[in-house]
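Quick notes on the structure that follows.
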Amino acid sequence: MVSYKRLTPEEVHFSGAALLDPPHDETTDGREVDPELPLLPRSHRCSITAGLLTLGGLIVALSCVWLLGTIFCLHNPPSTEPHRPPPPAVDPGWMQRNGTWLQPESCSNVPKEWRFDCYPERSVVVTEELCHARNCCFIPQSQAKTAGRNGVPWCFYASDYPSYELVSINDNEMGTVGKLLRKTKTYYPKDIDTLQLEVLYEDDNRLRVRITDPAQKRYEVPIDVPVVQKQATNRSYTVEFINKPFGLIVKRVNSGTVLLNTSIAPLFYADQFLQMSTSLPSRFIYGLGEHRSNFLHDIQWNTLTMWARDVPPMELTNLYGVHPFYFSMESDGRAHGFFMLNSNAMDVALQPAPAVTWRMIGGILDFYVFLGPDPSSVIGQYLDVVGKPAMPVYWALGYHLCRWGYKSSNKTWDVVKEMRNYGIPQDVQWNDIDYMDRALDFTYEPMNFSTLPDLVKDLHIHDQHYVMILDPGISSTQKPGSYLPFDEGVKRGVFINDSNGEILIGKVWPGLTAFPDFSNPDTHNWWYENLQRFHDKVQFDGVWIDMNEPSNFFDGSLNGCPENELENPPFTPGILGGTLKAKTLCASARQKISSHYNIHSLYGLMEAKATESALRKITGKRPFVISRSTFPSQGRYSGHWLGDNRSQWKDLFTSIPGMLTFNILGIPLIGADICGFGGSTTEELCVRWTQLGAFYPFTRNHNSIDEQDQDPTAFSPAARTAMKEVILLRYSLFPHLYTLFHHAHISGRTVATPLLFQFPTDKKTYGIDKQFLWGTSLLVTPVLEAGVEYVVGYFPEGLWYDFYTGDSLVSSGEEIKLHAPLDKINLHLREGSIIPTQRPNTTLWVSSGQPLHIIVSLSDEGLAQGDLYWDDGETLDSYETDQYAYIYFTVKQNTMKSEVLRSHQEATYITVETVSFYGVKAEPENVTVNSQEAAFAYHDNKVLIVTDLGLNLSQNFTISWM
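Here is the structure:
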């Protein structure tokens, strides 16, 4: 749901510093400077008398200036603006006697791509004087900066710029401990001169580094991470230390590749400014959410800001979530990852060296390096730290339908009935805030939505489910005693307070509101009790938590925010709006565990934890939560959707890199609003989007108030049929999709997978974000343009099969033009895979009991493998409590084997009806099933089909052909 005026690109203004035109070389008299003349002008001779008179005059003048200044200060008290320290005094070695600048020759020796920005403030026009006041090099460049994006810095650090020194180092049980000392003050206030370094060898493929203040405890991110008691001994990395200036170099043992080198730029560690730069081994960088961009980040002076913000997805802007994790491919196809465990506002600046600079305004430096070496292992190692995603309830993987503006429960019900009438699959119906009474949480509108409880009961009768929206803002203006959520919340002290200790009042949909403090355990209990009371009236199945950045229609609060160092830090990252309070709460607001300044971007995560916990208690089943704001570890508690997109072809495309990014961030239950949220869709766009959306891990059609209907029943018969068929196709693939989520849950694998994960040595895959895989084997190539009936897709080297027909395609690693009429999305199976499918129906509850059709795509050598995870779809912790079945399929030497590695009652209800073998090179003379001859069909495209099997999934079986 949108909560803002939608801005046009022309209305969006970033605070990027403008660049001055390069200065012209000139002298005061217009003559060119002779390079042979001395740089300093000759001084004139003078007599002793003249000197004494001059000195006396200066003393009198200075006395007058001092007296006038004193009088002025008495009449004009100091400004109430927050303290902004003056820049440090300029090094005398950088000045000439006549006041002109002279900087070291070493400045011009720094290559452009290795120039690290000494003046990153975006609201400042950086001049030579400002730059030299920071003792930095100043060399103007010809290109101009563009909004939100920096060019080559004009002001940058010299190679010998002062930094910390490593003055002592010792080994301990976990690794290495050192002491860092800074002897020269920086240009930010409250430098922390003495630091403690901890290098923790936590795992053979995981390194952790912490740099902290040994004298005073600083804020640290309150998420659970592993605590290791003993260092790894067979490490795949080495760590080298540079004493002066301090630096860490992390190398891969077997290749010598430098993954991290922090000596390339000075380290800063002040109270409200932490900065660390490191080299990168390549330009192939992914992750760093949440931003709208290509999957592969641009490293051409690209600064990504992180601070949770309610804003429709747009480029070069901090969006709903914060994920300071990147994944990088190396030149030899190996991969590694880096995670900065910090929740304060930050800029992450990429530059073409290649290198990255982290700038944060609080917390500590606490980071991990993951050695992989393959892409999937990197993600698994990252999720070992922050937590692997939850196993979703089965119906979460069905088709979801929503809109803002049904305006009544009967209208909502009518849409559900229309979907049933046309036989279009639907598992979940949603409502946006129009179901609420005056936009109040935990209520429903008594007139237009009076039949909501009956609608939900009807959904349950038809094996369907209901999800409602909740916003965190709780109305504070209702008559005392009339709105229990606020009254009880005040009594129990669950709301966020302002800096004076009073409840902070903002404004959201119901008007003036208070905001629950989800960092407080008491708030979790209050939240659960309110959800339970509402569930007693409307038996919802899941919760959609929106507006939880948190969003606020005010900047800060009803009463504004104080002028202090939390609201106006010495450095503010490139946040949309220019201040920390823009369209959210005051940074100085008080929460249970810390100031909002520190934990703002954790709000969505903390609300998701409270909601997930409440749903576990209320339903006794796997919770379903979708959250707009996210933070590392979010996948343990919720899924995510990509926010308030628009009905445009561009948004259709950008949903793919968004989906892939969140898969590597550990939130595989991800999708975008199908057909677009804002604006009116077209029939063609909605068909193409439904086709792509059928392969989002989370698939929901949602649109905005007062826009035309865009559910599948709203279109022509041809479009409606195309949408119905692709949704049925998704339902037929449910066993495969469910198994992929199982692997995400236990191993941290991706569900929607970038091609480079499976083909890491093929650099052509590194930038592909218009195609993707489900798991390791099902290639999806959607149409992303209007008015075309073909699509060009890249096929990595190997043997591929058309999913629908089994026709083979041999690629040398090339782009291939594919036929793509409006009623088709191209799917291909990778050689060597086995995927289970199922006869689809209109709900997953019915579909999941239908017979299986197994598809085998043989390699050129006649090999294949695959698996199936199966449980009841909703029991909590099924895998952890061994309440599941797991079947492993293999094919070699013309024999398929199904081996039940774990049996469970749920598998006894399922039969295998058909098996199709793609790539059987010659027609068999006979086929046997468990040594008994069976009927079969063989087609000219080398497809063997064995039907009418009736095999129980819970029992081993073999199929052979000769």
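First residue of the sequence shown? That's 120 in the numbering used here, and the numbers climb one at a time after it.
No residue lacks a Cβ here, since even glycine has one placed at the ideal position from N, Cα and C.
Since we're looking at a predicted model, the values are computed, not measured.
Cβ-Cβ distance between residue i and residue j below 8 angstroms
{"i": "G406", "j": "Y445", "result": "yes"}
{"i": "G524", "j": "D825", "result": "yes"}
{"i": "P751", "j": "F414", "result": "no"}
{"i": "F922", "j": "L946", "result": "yes"}
{"i": "A701", "j": "D665", "result": "no"}
{"i": "G867", "j": "G790", "result": "no"}
{"i": "L623", "j": "S670", "result": "no"}
{"i": "P591", "j": "G608", "result": "no"}
{"i": "L874", "j": "L892", "result": "yes"}
{"i": "L971", "j": "P816", "result": "no"}
{"i": "A389", "j": "Y276", "result": "no"}
{"i": "T698", "j": "E668", "result": "no"}
Separation of residue j from residue i, as counted between CA atoms
{"i": "R428", "j": "G762", "result": "11 angstroms"}
{"i": "R234", "j": "E247", "result": "16 angstroms"}
{"i": "T352", "j": "D323", "result": "7 angstroms"}
{"i": "T956", "j": "L948", "result": "13 angstroms"}
{"i": "L650", "j": "D560", "result": "9 angstroms"}
{"i": "I483", "j": "I311", "result": "11 angstroms"}
{"i": "P604", "j": "F614", "result": "11 angstroms"}
{"i": "T1033", "j": "F672", "result": "57 angstroms"}
{"i": "S261", "j": "T424", "result": "25 angstroms"}
{"i": "S601", "j": "T562", "result": "12 angstroms"}
{"i": "T994", "j": "S746", "result": "22 angstroms"}
{"i": "Y501", "j": "N289", "result": "28 angstroms"}
{"i": "C680", "j": "S355", "result": "50 angstroms"}
{"i": "T199", "j": "G620", "result": "Since pLDDT at T199 reaches only 30, below the 50 mark, its modelled position is unreliable, and no value is offered."}
{"i": "K889", "j": "L941", "result": "18 angstroms"}
{"i": "G297", "j": "R329", "result": "11 angstroms"}
{"i": "Y487", "j": "S774", "result": "28 angstroms"}
{"i": "I342", "j": "V505", "result": "8 angstroms"}
Cut-off 8 angstroms between Cβ atoms - residues of its own chain near residue i, not counting five sequence neighbours on either side
{"i": "V1010", "result": "I953, V975, L977, G981, L982, A983, Q984, K1016, F1036"}
{"i": "I190", "result": "Its pLDDT being 34, under 50, I190 is placed unreliably in this model, and the value from its coordinates should be taken loosely. Taken in chain order, the list of residues that qualify is empty."}
{"i": "E933", "result": "Y913, F914"}
Option in the options with minimal Cα separation from residue i
{"i": "D996", "options": "P854, H855, R735", "result": "R735"}
{"i": "R709", "options": "L685, A729, K728, G693", "result": "L685"}
{"i": "G992", "options": "T703, R958, F860", "result": "F860"}
{"i": "M395", "options": "I361, G679, E1018, N380", "result": "N380"}
{"i": "H584", "options": "L367, W532, P565", "result": "W532"}
{"i": "H581", "options": "D573, M587, Y756", "result": "D573"}
{"i": "P629", "options": "D485, E564, Y988", "result": "E564"}
{"i": "C226", "options": "L249, P443, C255", "result": "C255"}
{"i": "S569", "options": "V229, S967, K656, V965", "result": "K656"}
{"i": "Q810", "options": "Y998, T780, L848", "result": "L848"}
{"i": "D639", "options": "I718, L704, T800, L460", "result": "For the sequence presented, residue 639 should be read as Asn rather than Asp. The residue with the shortest Cα to Cα distance from N639 is I718."}
Below-8 angstroms beta-carbon distance, residue i vs any chain C residue
{"i": "P400", "result": "Here there is only one protein chain, and chain C is not present."}
As assigned by DSSP and simplified to three states, the class of residue i
{"i": "L299", "result": "strand"}
{"i": "P854", "result": "helix"}
{"i": "S930", "result": "strand"}
{"i": "W273", "result": "coil"}
{"i": "Q1051", "result": "strand"}
{"i": "M1015", "result": "strand"}
{"i": "A838", "result": "helix"}
{"i": "A863", "result": "helix"}
{"i": "W532", "result": "helix"}
{"i": "W919", "result": "strand"}
{"i": "P955", "result": "strand"}
{"i": "P640", "result": "helix"}
{"i": "C256", "result": "strand"}
{"i": "M538", "result": "helix"}
Beta-carbon proximity list for residue i, same chain, < 7 angstroms, skipping 5 on both sides
{"i": "S282", "result": "P364, F365, P385, L386"}
{"i": "Y988", "result": "Y857, T858, H861, Y1003, Y1005"}
{"i": "T1027", "result": "N1071, S1073"}
Own chain residues within Cβ distance below 6 angstroms of residue i, not counting five before or after
{"i": "W808", "result": "L771, I793, C794"}
{"i": "K843", "result": "I543"}
{"i": "E1044", "result": "M1081"}
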